[in-house]
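Residue 435 in this note's numbering sits at position 143 of the sequence shown, and the numbers go up by one each step.
All C-beta atoms, glycine included, are put in the ideal place defined by N, C-alpha and C.
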Amino acid sequence: MNLREKMLAMLDSTRVEECCCEISGDLLVSVSIGRMTKSNIYIIAENDLHTYVRLFKSWELKVHRVVCSLPKPFEMVDDVKIISPHELLTDETPRKFFFLFTPDCLVGEGKTFFDENIYKIPAAGEPNRAFVVKDENLSKLNANTFDSYDSNSMFYYQSHKEELMQLFDALADETSKRTLYHYVESYVLNCAYKGEQNSSLWRYFFGGKYERLYKHLDGECWINCGANEGDTVCQYLSFDFKPKKIYAFEGDKKKL
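Spelled out as structure tokens, the structure:
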């Protein structure tokens, strides 16, 4: 299978990397109870929704709903419906088992609502169960949730398959295509970036010390998005490149 075929297959993938399946301690007990009682699993989180749904499915849990207080541009995560905390008050589904990802996974009104109403949620004759996935348990998952990144990005990439493949085909060299593949792979399969990593000294103008990807032309304009304090630009200028203009942008006000 060539790289293009692998890119297409990866964009069609619905699996989570196998390394995300390691669990232990209280979390293992809760997952086991969920499986033995054939509970309807409710995942309560704001970000990384696709990661958690696919992760829990890989443990053979019946993921019934995702509860999210923040608006999303889609109504489903794979085949699982997203509902708001308020919809839980009329949800008559039996054998509810809630997994809350970190105590502060619900923010603002959503967190207050759940704290005040957890015992009012219909249990259809059986008590509701809940398990808080704390930070120490998240580390045991060995699941890459990308910190501040939202793994709903995997939904975005898979929904823009045609555009991604057009970009892939437009790239002129194998190094660039391979880099795009591994970048998208890290979001779609929820794994660590597996491509070649070079120091920032070589990263953009060179594919490595032995493969030059950039040919400098006179009168160039550079656009540096995410310029931080300008340190990388100064590093590039040390190569004796002489651009006509440099437009440097930094979105984080703390770094300006």
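Spatial neighbours of residue i in its chain, beta-carbon cut-off 7 Å, leaving aside the 5 residues before and after
i           : result
residue 508 : 533
residue 355 : 333, 335, 345, 348, 349 and 372
residue 470 : 295 and 487
residue 385 : 332, 356 and 416
residue 464 : none
residue 485 : 474, 475 and 478
Alpha-carbon spacing of residue i relative to residue j, whole angstroms
i           : j           : result
residue 317 : residue 423 : 12 Å
residue 329 : residue 298 : 39 Å
residue 523 : residue 511 : 22 Å
residue 304 : residue 450 : 7 Å
residue 418 : residue 352 : 22 Å
residue 527 : residue 479 : 29 Å
residue 525 : residue 452 : 32 Å
residue 541 : residue 521 : 10 Å
residue 375 : residue 393 : 16 Å
residue 468 : residue 408 : 51 Å
residue 379 : residue 322 : 24 Å
residue 338 : residue 368 : 14 Å
residue 457 : residue 474 : 14 Å
residue 366 : residue 448 : 10 Å
residue 466 : residue 472 : 10 Å
For residue i: DSSP bridge partner residues
i           : result
residue 321 : Paired residue(s): none; residue 321 is not in a bridge.
residue 368 : 373
residue 346 : Answer is none; residue 346 lacks a bridge partner.
residue 421 : 389
residue 514 : 538
Exposure label - residue i; buried when at least 16 CB within 10 Å
i           : result
residue 381 : exposed
residue 413 : buried
residue 536 : exposed
residue 342 : buried
residue 363 : exposed
Collapsed DSSP secondary structure at residue i in the structure displayed
i           : result
residue 301 : helix
residue 332 : strand
residue 356 : strand
residue 456 : helix
residue 389 : strand
residue 507 : coil
residue 531 : coil
residue 485 : coil
residue 412 : coil
residue 462 : helix
residue 469 : helix
residue 536 : coil
residue 543 : coil
residue 361 : coil
residue 379 : helix
Sequence-distant residues of the same chain with beta carbon closer than 8 Å to residue i, five excluded per side
i           : result
residue 325 : 331, 389 and 421
residue 293 : 301
Residue i at chain C interface by Cβ criterion, 8 Å
i           : result
residue 322 : Among the chains of the structure shown, chain C does not appear; only one protein chain is present.
Beta-carbon contacts of residue i that lie in its chain and below 6 Å, excluding the five residues immediately before and after
i           : result
residue 514 : 535 and 538
residue 517 : 541
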